[in-house]
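Enquirer: Below is the structure I would like to discuss, written out as structure tokens.
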Ligand code: GLY
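Numbering (the numbering used here), first residue to last: 45 to 407.
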């Protein structure tokens, strides 16, 4: 198995995820390798902090390979994942003359990736784009699978498209500059893969020795967990690209996570922190329904906490919780769908959860 390359096999537009230490210094070389012509205009979309860290390195390497690119920064933060930022990207695309043959590159975390992906999906009815995620969360989740979106005032990710990238380039070294709190939040998604489909990964994460290495950003360990996470994601996405069924299991912990993010204000809890609490609630519901053993629920919660992530729900009102869940895209035909674990490494989709079974976790 090549730990550095993972294919996302799709019926149309399959693509490769490359994971390589130091890749951020050789993006031009990677573009050349995948056959991107030198005459294509390139717009790199990022935010100020990330482009200050990596933009020059990329442009320097581009020169060597004769690629020409402009960098455009959107503002950082969930509140800028909106139509205004999208419109700013379109204006820049027009100014720099992006045509059907041009390429966008998303350089940053999940917000940059989602907005850029949607801009690429819609500019001139769709141009190619590449994801270069620089946060753990975007490496293991949002950069792979083609979900692109911006938020609407009425809800998260309500405007979007499934639009797959041409390639995903991951450099674990970019995590060295990521704030620790954000790194830990990314670990929530890694733990999620262990629970939904990969018991071996779960056990790898449980080992104290491995945990120390991961939290100390040991390169080999990072490549290992990123690779394993993406393999699971690629497998699920290739089976159900547009989330008509099995892909929903990737949303384990996310229904309650979205409620918490929404009601506490985006920013109070990072996405990964909110889904950590969401996984704890889902695990507790599963325990009470005798779907999995209480020992497994405990192992899940201990693992989440051992990576410095929260499991205690904040104080929020029951009627507010219902309102948000009903507005969530995961509601089908008026019924709420929840992903609940059966054992470590296996979850299922349930449509028959009574309100009383989850409202008790709220005020
Ligand atoms: N983040 C969940 C998915 O990509 O389906």
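All C-beta atoms, glycine included, are put in the ideal place defined by N, C-alpha and C.
1) On the premise that residue 151 lies in contact with residue 89, defined as a C-beta separation below 8 Å, what is that separation, rounded to the nearest angstrom?
2) Our contact map puts residue 495 next to residue 383 with C-beta atoms below 8 Å; I'd like the distance itself, whole angstroms only.
3) Tell me whether residue 392 sits in a helix, a strand or coil according to DSSP, three-state version.
4) Terminal residues of the continuous beta strand (DSSP E) containing residue 201?
5) Just how far apart, CA to CA, sit residue 63 and residue 398?
6) Can you pull the DSSP bridge partners for residue 212?
7) When DSSP labels each residue in this structure, what does residue 20 get in the three-state scheme?
8) Alpha helix (DSSP H) containing residue 342: first to last residue?
9) On the premise that residue 108 lies in contact with residue 72, defined as a C-beta separation below 8 Å, what is that separation, rounded to the nearest angstrom?
10) Is it right to say residue 404 is buried, meaning 16 or more other beta carbons lie within 10 angstroms of its own, or is it exposed?
11) Within the continuous beta strand (DSSP E) that includes residue 386, where are the two ends?
12) Along the chain, where does the alpha helix (DSSP H) that runs through residue 276 open and close?
13) Could you tell me which whole alpha helix (DSSP H) segments of length 4 or greater appear in the stretch 65-127?
14) Between the Cα of residue 271 and those of 60, 260, 56, spot the shortest distance and give me the residue it belongs to.
15) Cβ atoms of residue 145 and residue 120: under 8 Å apart, would you say?
16) Beta-carbon within less than 7 Å of residue 318's beta-carbon, same chain only, minus the 5 sequence neighbours each way: which residues are those?
17) Quick one: does the C-beta of residue 158 sit closer than 7 Å to a heavy atom of ligand 1?
18) DSSP beta-bridge partners for residue 151?
19) Hey, would you say the C-beta of residue 191 is under 7 Å away from at least one heavy atom of ligand 1?
20) Candidates 370, 395, 174: which alpha carbon is nearest residue 79's?
21) Which same chain residues end up closer than 7 Å to residue 148 when comparing Cβ atoms and leaving out the 5 residues on each side of it in sequence?
22) Straight-line CA distance for residue 213 to residue 76?
23) Return the bridge partner residues of residue 52 from the DSSP annotation.
24) So which of 240, 345, 339, 332 has the shortest CA-CA distance to residue 400?
25) Starting from residue 244 and walking both ways along the alpha helix (DSSP H), at which residues does that stretch end?
26) Any idea what DSSP makes of residue 191, helix, strand or coil?
27) Cα separation between residue 83 and residue 239?
28) With a threshold of 7 Å (Cβ to nearest heavy atom), would residue 381 be considered close to ligand 1?
29) CA-CA distance, residue 197 and residue 139?
30) According to DSSP, which residues form a beta bridge with residue 196?
31) Quick one: Cα of residue 290 to Cα of residue 155, how far?
32) Go ahead and label residue 223 buried or exposed: buried means 16 or more other beta carbons lie within 10 angstroms of its beta carbon, across all protein chains shown.
33) Let me check understanding here. Comparing Cα to Cα, which of 227, 275, 220, 229 lies closest to residue 244?
34) Please tell me whether, using a cut-off of 7 Å, the distance from the CB of residue 186 to the nearest non-hydrogen atom of ligand 1 is below it.
35) Spatial neighbours of residue 190 within its chain, please: CB distance less than 8 Å, with the 5 preceding and 5 following residues excluded, ordered by chain position.
36) Under 8 Å, do residue 324 and residue 355 count as touching if we go by C-beta distance?
Expert: In this structure, then:
1) 7 Å
2) It is not possible to answer for residue 495, since the shown part of the chain is limited to 45 through 407.
3) strand
4) 199-206
5) 43 Å
6) 61, 175
7) This structure gives no information on residue 20, because the portion of the chain shown stretches from 45 to 407.
8) In the DSSP assignment, residue 342 falls within the unbroken alpha helix (DSSP H) covering 338-350.
9) 6 Å
10) exposed
11) 382-387
12) 263-283
13) 71-77, 92-108
14) 60
15) No, Cβ-Cβ distance for residue 120 and residue 145 is not below 8 Å.
16) 301, 304, 305
17) no
18) 176
19) yes
20) Of 370, 395, 174, the residue nearest in Cα terms is 174.
21) 87, 89, 160, 163, 164, 171, 173
22) 13 Å
23) 59
24) 332
25) 243-250
26) strand
27) 45 Å
28) no
29) The alpha-carbon separation between residue 197 and residue 139 amounts to approximately 28 Å.
30) 199
31) 24 Å
32) Counting the other Cβ atoms within 10 Å of the Cβ of residue 223 gives fewer than 16, which makes it exposed.
33) Comparing alpha carbon positions, the residue from 227, 275, 220, 229 closest to residue 244 is 275.
34) yes
35) Within the same chain, residue 190 has close Cβ partners 161, 206, 207, 208, 209, 281, 285.
36) yes
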